[in-house]
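Single-structure report; data block below.
2 protein chains.
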Amino acid sequence: MMQNNFDFNHLLRRGVAEVIVEEEFIARLKNGDKLRLKEGFDPSSSDIHLGHMVGLRKLRQFQELGHEVVLIVGDWTAQIGDPTGQSVTRPVLSYEQVKSNAETYMQQFFKIVDRSRTEVRWQSEWFGEFSLADVLKLTGRFTIAQFLAREDFNKRFTAGKPITLTEFIYPLLQAYDSVQIQAGVEFGGTDQKFNLLVGRELQGMVGQQPQQVLMTPLLVGTDGAHKMSKSLGNYIGITEAPAQIFGKVMSVPDNLLMDYFTLVTDVPDAELAEFRTEIENGANPMALKKRLAREIISQLYDKSAATAAEDNFVRIVQNKETPAEIPEFRIIPGTLSIPGVMLDAGLVKSKGEAMRLIQQGGVEIDGNKITEPNYPVANGAVLKAGKRRYVMLVE
Amino acid sequence: MMQNNFDFNHLLRRGVAEVIVEEEFIARLKNGDKLRLKEGFDPSSSDIHLGHMVGLRKLRQFQELGHEVVLIVGDWTAQIGDPTGQSVTRPVLSYEQVKSNAETYMQQFFKIVDRSRTEVRWQSEWFGEFSLADVLKLTGRFTIAQFLAREDFNKRFTAGKPITLTEFIYPLLQAYDSVQIQAGVEFGGTDQKFNLLVGRELQGMVGQQPQQVLMTPLLVGTDGAHKMSKSLGNYIGITEAPAQIFGKVMSVPDNLLMDYFTLVTDVPDAELAEFRTEIENGANPMALKKRLAREIISQLYDKSAATAAEDNFVRIVQNKETPAEIPEFRIIPGTLSIPGVMLDAGLVKSKGEAMRLIQQGGVEIDGNKITEPNYPVANGAVLKAGKRRYVMLVE
């Protein structure tokens with residue numbers, strides 16, 4: 070059953086950067102059309118962070134109105150590799166790697182998106198048998214000038230930086246995905262605008278109803294400066310432990326607080342307006358940050374995990390060591406020799422001292438006393454040695 | 070057995086517009102390398118004219134030194150159709166048409182090129198199974214800027230005229246042909262320079278010795294104005310009847326005479342120099358034109374055919390009707406009803422008059438008296454009615 074009573078402001082404006090074409094889109098929604106919601110992912114990486122969550126939550130909202138997600142696994146393009154690199158002459162990912170990454174991705178994806186209303190399609194279903202004739206039919210429909218009008222291509226071209234022909238073909242493949250699955254709406258970040266519109270255009274050319282395009286804003290990362298991204302290290306992963314997420318949310322710059330509330334929580338608009346007033350009136354944002362962290366953890370785990378993470382954080386704060394004051398020490402996450410880490414991080418003068426401290430119950434990781442020297446350490450874990458010595462172990 | 074004693078001036082300069090890279094090329098020839106000579110053709114048209122003969126004669130010269138021609142039948146691209154047209158969404162030629170055109174073409178091709186030293190390859194051998202991955206490997210090697218530097222693309226781009234992506238892929242396919250057959254030299258007109266060099270570049274990229282490029286000049290047609298081409302009607306086809314070829318050669322403008330001698334005959338350079346002197350001294354070029362026509366017909370047929378064609382021509386001239394003075398009448402070549410043609414051309418006042426003239430032996434086509442009303446007429450045939458009425462039947 071399609072529900073066609075919905076709140077336009079919530080659905081098409083909150084957490085939405087741009088909709089093309091809004092009027093058309095609203096008409097289809099009012100008409101009760103069941104729309105196929107296209108979401109693609111590149112299985113060369115498998116981790117989902119809060120930045121992705123903005124779009125995935127939007128998918129979920131549409132699902133709750135009865136629409137269906139079509140998740141496209143870009144298994145095929147991932148096996149070809151990045152066209153801008155030198156690696157194009159051979160596959161960068163094996164089929165097994167792609168498959169494994171896709172599985173990992175989907176475990177995370179379905180923490181937010183409703184699996185029962187999702188169809189998963191692999192690009193190889195259509196591109197595996199794609200012939201040169203098919204390629205030329207596709208490339209014959211678009212002109213060089215159209216592509217060079219794309220902002221990033223134009224900048225690179227003007228600056229004399231190389232753009233390979235392959236880079237012009239990629240948007241066409243993404244567009245062809247839309248035709249194959251008869252997408253009704255394609256979701257993407259604002260940086261995907263050109264590609265999303267190529268899909269719309271191609272559908273029209275082959276006689277399909279052109280897809281609507283829903284672009285979500287780019288979430289700024291915990292550094293307060295750049296788009297959240299794994300490679301910049303300014304991300305909050307959705308599979309991170311509650312304590313880590315809590316700590317990372319607390320480190321989000323104050324001026325981004327309302328963006329995070331708007332984009333990754335369901336706190337109603339009316340309440341958000343109150344938050345804004347409080348902040349303008351000079352309230353300490355600490356309480357709001359805690360609320361934000363709880364909202365996020367509740368979605369990804371549950372309320373009790375959110376509460377436990379907060380309690381853990383409060384204990385550390387009550388010990389007069391706020392997370393911001395904890396020095397960081399670089400590690401490669403995994404099962405580590407804790408005495409070695411403690412020595413290298415300058416918490417003890419010898420491994421022997423560290424071992425004795427562990428045996429006395431004086432070493433904790435994320436609030437858990439450790440009893441063995443080898444212990445699994447995740448990125449962002451807080452190690453406490455004795456009463457007041459802390460270090461955050463980061464990748 | 071390779072012969073490596075040869076006349077560079079004859080082989081690499083006469084009838085050659087440009088060679089890339091001459092030094093490298095000469096070194097390979099001196100070294101006695103057996104080179105694979107690449108020649109491609111588009112089977113969407115099947116007729117060879119004197120303009121093509123310039124390159125084919127050059128192939129023949131190389132064959133006589135022991136090198137081998139590889140003729141590439143562009144069966145595959147022909148089936149895709151012209152990318153600049155609107156016809157790209159469906160094949161313009163069926164497989165049967167391509168095959169039939171290829172057969173017609175080869176019958177003509179082997180009038181000039183030595184069949185025993187020619188390998189015929191069809192593009193479909195490699196492009197039939199070409200995958201999208203193969204396409205992207207190829208397109209990843211070249212940049213948009215490289216293609217936009219090509220003169221014709223640059224002009225169109227600057228003028229705001231559309232260039233499809235497909236048009237950028239075509240040169241890559243031609244280049245890939247070179248890789249597949251390990252071409253040693255690619256032959257083409259000067260208008261093909263960019264594409265020929267892409268082949269050279271691609272071979273280097275995949276670790277093959279880059280091909281040499283030999284470009285032949287474009288032969289100006291019988292109109293004295295444009296490149297010889299079937300669509301402009303200014304061509305001399307190599308399968309035309311000797312009488313037609315003779316007549317058409319006589320219509321070549323005087324200022325092109327030496328070009329024709331240089332490009333499509335074997336008259337030695339020393340003799341050509343004498344011809345030039347004669348012309349400069351004001352000699353009537355008629356004798357030289359007859360010589361040119363005989364040289365061409367001798368190559369395509371034999372000496373006796375050349376002599377007969379000349380005799381036929383002389384008879385017409387002796388009748389005080391030079392070919393230039395014969396009016397033209399448009400026909401569709403084939404077996405025609407001659408009385409109908411004569412009536413429409415204004416040679417007679419009725420079909421009855423035409424029939425009587427035929428029965429009296431007063432009608433000739435290309436010097437042959439006709440006895441039946443239906444008669445096979447080729448393009449350029451001269452119809453004579455009575456003693457002084459002539460018409461040239463042209464397409």
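Just so you know, the protein sequences line up as chains P and A, in that order.
Read in order, the letters of the first sequence are residues 70 to 464 in my numbering.
Read in order, the letters of the second sequence are residues 70 to 464 in my numbering.
Glycine included, C-beta positions come from ideal geometry on N, C-alpha and C.
Can residue i be considered in contact with the ligand SAM, in the sense that its beta carbon sits closer than 7 Å to one or more heavy atoms?
i: F226/A; result: Ligands in the displayed structure: none, and consequently the ligand SAM is not present.
Give me the Cβ distance between residue i and residue j, rounded to the nearest whole Å; I'm assuming they're in contact under 8 Å.
i: Q281/A; j: E92/A; result: With a Cβ gap of about 10 Å, Q281/A and E92/A do not count as contacting.
i: R129/P; j: G84/P; result: With 8 Å as the limit, R129/P and G84/P do not qualify as a contact, their Cβ atoms being about 11 Å apart.
i: G124/A; j: T285/A; result: 4 Å
i: M424/P; j: P442/P; result: 7 Å
i: S115/P; j: N78/P; result: Actually they are not in contact, since the Cβ atoms of S115/P and N78/P sit about 34 Å apart, beyond 8 Å.
i: K103/P; j: G135/P; result: 6 Å
i: L242/A; j: T146/A; result: 6 Å
Quick one, are the C-beta atoms of residue i and residue j less than 8 Å apart?
i: P112/A; j: D144/A; result: yes
i: M327/P; j: F344/P; result: yes
i: T233/A; j: G209/P; result: yes
i: I400/A; j: L462/A; result: yes
i: G229/A; j: A244/A; result: no
i: M509/A; j: A352/A; result: This structure does not reach residue 509/A, given that chain A is present from 70 up to 464, and the question cannot be answered.
i: E188/A; j: E137/A; result: yes
i: L301/P; j: G120/P; result: no
i: I365/P; j: V333/P; result: yes
i: V19/P; j: V90/A; result: Nothing can be reported for residue 19/P, as the shown portion of chain P is limited to 70 through 464.
i: L217/P; j: V248/P; result: no
i: Q261/A; j: R105/A; result: no
i: V383/A; j: K358/A; result: no
i: I385/A; j: H118/A; result: no
i: L405/P; j: V417/P; result: no
i: L341/P; j: V289/P; result: no
i: G430/A; j: N381/A; result: no
i: Y329/P; j: L283/P; result: no
i: V460/A; j: A414/A; result: yes
i: F263/P; j: P240/P; result: yes
i: F199/P; j: S163/A; result: no
Against residue i, what residues of chain P qualify as contacts under a CB-to-CB distance less than 7 Å, listed in chain order?
i: T233/A; result: T208, G209, F211 and T212
Can you list the residues of chain A that residue i reaches, using a CB-CB cut of under 9 Å?
i: S200/P; result: F196, G197, E198, F199, S200 and L201
Chain P partners of residue i, CB-CB under 9 Å?
i: F226/A; result: I213, A214 and L217
Practice prompt. Scan the segment 203–223 of chain P for residues whose Cβ lies nearer than 9 Å to a Cβ of chain A and list them as they occur along the chain.
Written response: D203, V204, L205, K206, L207, T208, G209, R210, F211, T212, I213, A214, Q215, F216, L217 and F222
Discussion item. For the structure I just gave you, are there three or more beta carbon pairs, one from the segment 185–196 of chain A and one from the segment 223–231 of chain P, closer than 8 Å?
Written reply: Contact fails: fewer than three Cβ-Cβ distances are below 8 Å.
Discussion item. Closer than 7 Å between beta carbons: that is the criterion. Which residues of the segment 235–263 of chain A meet it against chain P?
Written reply: T235, F237 and I238
Fill in: Segment contact flag, the segment 262–279 of chain P with the segment 314–330 of chain P, C-beta cutoff 8 Å, min 3 pairs
no
Worksheet item: Would you call the segment 96–103 of chain P and the segment 178–187 of chain P touching, i.e. three or more CB-CB distances under 8 Å?
Response: no
Worksheet item: Does the segment 372–387 of chain A touch the segment 291–298 of chain A, meaning 3 or more C-beta pairs lie closer than 8 Å?
Response: no
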